[in-house]
Amino acid sequence: MEISSLPSSQEVAPLIRGWVQQTPLLPLPRGDGGGESDIHLKLESLQETGSFKVRGAAAALLHLSEDAKRRGVVTCSSGNHGRAVAWMAQRLGIPATIFLPEWTDPSKVAAIRGLGCTVEVGGDSYDAAEGRARAHGAAHDLSWIDPFDDPWVIAGQGTVGVEVLEQLPHVGTILVPLSGGGLAGGIARAVKEVRPQVRVVAVSARNARVMWESVRGGRPISMPEEPTLASALAGGIGEANRWTFPLVQRWVDAHILVEEAAIAQAMAWAFRELKLVVEGGGAVTLAALRPLLAPPGRLPGPGPLVAIISGGNVDSAVLRRSLESDHHHPE
87 MEISSLPSSQ EVAPLIRGWV QQTPLLPLPR GDGGGESDIH LKLESLQETG
137 SFKVRGAAAA LLHLSEDAKR RGVVTCSSGN HGRAVAWMAQ RLGIPATIFL
187 PEWTDPSKVA AIRGLGCTVE VGGDSYDAAE GRARAHGAAH DLSWIDPFDD
237 PWVIAGQGTV GVEVLEQLPH VGTILVPLSG GGLAGGIARA VKEVRPQVRV
287 VAVSARNARV MWESVRGGRP ISMPEEPTLA SALAGGIGEA NRWTFPLVQR
337 WVDAHILVEE AAIAQAMAWA FRELKLVVEG GGAVTLAALR PLLAPPGRLP
387 GPGPLVAIIS GGNVDSAVLR RSLESDHHHP E
C-alpha cells in the first residue's frame, strides 16, 4: 500500500466546492477579557447535512463511473456518513441504500429517511450492520461507499485541512476527532504535505478508542463496542484496514482520550456559552480543549490552534440530558 497513491485533497477541493460549503473559522474570546485567544473552532457542524462527512461522500460519488451511478450505492453508517451519502446521491440521481445499527440517533435516522433513499435499520452493533450492508451490496451489484477507509473519501475529508490553511495560514496545531481515521488521517496528510511543521493531535472518546488502541498496538484490532455520547465515532476500523490506519500512524503527532462526562460538559458548554449545537462526536475536541482555556492552560502544541468541530447532528433528548447532567455552569 502506497499512501502516495491517494488522491490529493488539494486537487479534490475544487471538484467538490460546488457541493459543499466553506465552513466558518470561529475565534474563541479570551476568558480574561483581553481580546481574542490563539484558539479557533472550525465549524463543520454548520456544513451541508450537519457534518464534515458530505465532503468524502461528494468526492466518492462524483468519482464513480456512469454505470456504477446507474446501479446504485450502498453503505453503513452510525448516521452522519449515511446522511451525507443519501444527500449527495439524491442530488446526483443515484439510488442509495443506507444500513444503520439499531442504536443510531433517531434524529439521524429520520433525516436520512427524508432524503428519499432506502434505509435499513438493524444490528445491535456497527459491525453487525456493516456485515448486512456488504452482503446486500454484493447480492445487488452496488458500489460500496466506505465511511472512512476509501481513498476518495479520505481525500474529501482532508479538504477540511485545505480550508484551514486558506483561512489561517499560520496555524500551529490542529485538534481533530478520531474514529475510523478518514478525517484525522485526511487532514493530517493534506496539511503536512504543505506545512509539515503543523502539529496534528487526534482526540478519541475513551468508549470509542479502537483506532487509538490500534496505533498503540501497531496493527488494526477489533474491540467490543461501548455506549458513548460520541456515537458518530463508534464502530471498528476493520482488521483489513488499508488506508486510514497507516495514515493516522504516520501523520498524527499525538493522541488525547476524553471521558464521557467531559464530552457531555463540552456539549453543554458549547450550547450555553457559544450558542452552538454540537453532537458528542464533534465535541470531543472541545472536551480536550476546555481544561486548557483557564489560566495557565498550556496548548498541546504551538499556536494558533484550530479545533475541528466535526458535526452538529444531535437528538434534542440527548442534548437535553447533557445540559441536565452538567453541574459546572453558572447558575
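Mapping of the sequence shown onto the numbering used here: residues 87 to 417, in sequence order.
Positions of the beta carbon are idealized from the N, C-alpha and C atoms, including for glycine.
| query | result |
| --- | --- |
| Nonlocal neighbours in the same chain, by C-beta distance under 8 Å from residue 402, ignoring five residues either side | 193 |
| Where the alpha helix (DSSP H) containing residue 465 begins and where it ends | In the structure displayed, the chain extends from 87 to 417; residue 465 sits before or after that span and is not available. |
| Residue 315 beta carbon less than 9 Å from that of residue 369 | yes |
| Residue 160 - partner residues in DSSP beta bridges | 183 and 230 |
| Start and end residues, beta strand (DSSP E) containing residue 326 | Per DSSP, residue 326 belongs to no beta strand (DSSP E) and is neither H nor E. |
| Segment contact, 8 Å Cβ cut-off, at least three pairs: the region 354 to 370 with the region 323 to 340 | no |
| Inter-residue Cα distance where the pair is residue 121 and residue 113 | In this prediction, residue 121 has a pLDDT of 49, which is less than 50 and means its spatial position is unreliable; nothing more can be read from the coordinates. |
| Residue interval of the beta strand (DSSP E) (run including residue 245) | Careful: residue 245 lies outside any beta strand (DSSP E), inside the alpha helix (DSSP H) at 245 to 253. |
| Cβ contact (3+ pairs, closer than 8 Å) linking the region 154 to 166 and the region 191 to 207 | yes |
| Segments assigned alpha helix (DSSP H), at least 4 residues, entirely inside the region 283 to 319 | 296 to 303 |
| Beta-carbon proximity of residue 393 to residue 375, cut-off 9 Å | yes |
| Alpha carbon of residue 390 to alpha carbon of residue 182, nearest angstrom | 41 Å |
| DSSP state of residue 119 mapped onto helix, strand, coil | Below a pLDDT of 50, predicted positions are generally treated as unreliable, and residue 119, at 44, falls in that range; no measurement from the model is reported. |
| Limits of the unbroken alpha helix (DSSP H) element including residue 140 | 139 to 149 |
| Proximal residues to residue 227 (C-beta, below 6 Å), its chain only, five neighbours per side dropped | 157 |
| Which listed residue (350, 330 and 97) has its alpha carbon closest to that of residue 236 | 330 |
| Residue burial classification, residue 131 (beta-carbon count within 10 angstroms, cutoff 16) | buried |
| Buried versus exposed call for residue 270 [16 or more other C-beta atoms within 10 Å across all chains shown] | buried |
| Endpoints, beta strand (DSSP E) assigned at residue 207 | 204 to 207 |
| Residue of 326, 318, 327 and 294 minimising C-alpha distance to residue 312 | 294 |
| Counted within 10 angstroms of its Cβ, other Cβ atoms place residue 417 as buried (16 or more) or exposed | Confidence is the limiting factor: at residue 417 the pLDDT is only 38, short of 50, which leaves the residue's position unreliable and the question unanswerable from this model. |
| As assigned by DSSP and simplified to three states, the class of residue 361 | coil |
| Residue burial classification, residue 249 (beta-carbon count within 10 angstroms, cutoff 16) | buried |
| Bounding residues of the beta strand (DSSP E) (the contiguous stretch that carries residue 262) | 259 to 263 |
| Whole-angstrom distance between residue 221 and residue 426, CA atom to CA atom | Missing from the structure shown is residue 426; the chain here goes from 87 to 417 and no further. |
| Coarse secondary structure for residue 167, derived from DSSP in three states | helix |
| Residue 87 versus residue 93 - alpha carbon distance | Below a pLDDT of 50, predicted positions are generally treated as unreliable, and residue 87, at 47, falls in that range; no measurement from the model is reported. |
| CA nearest to the CA of residue 241, picked from 300, 138 and 189 | 138 |
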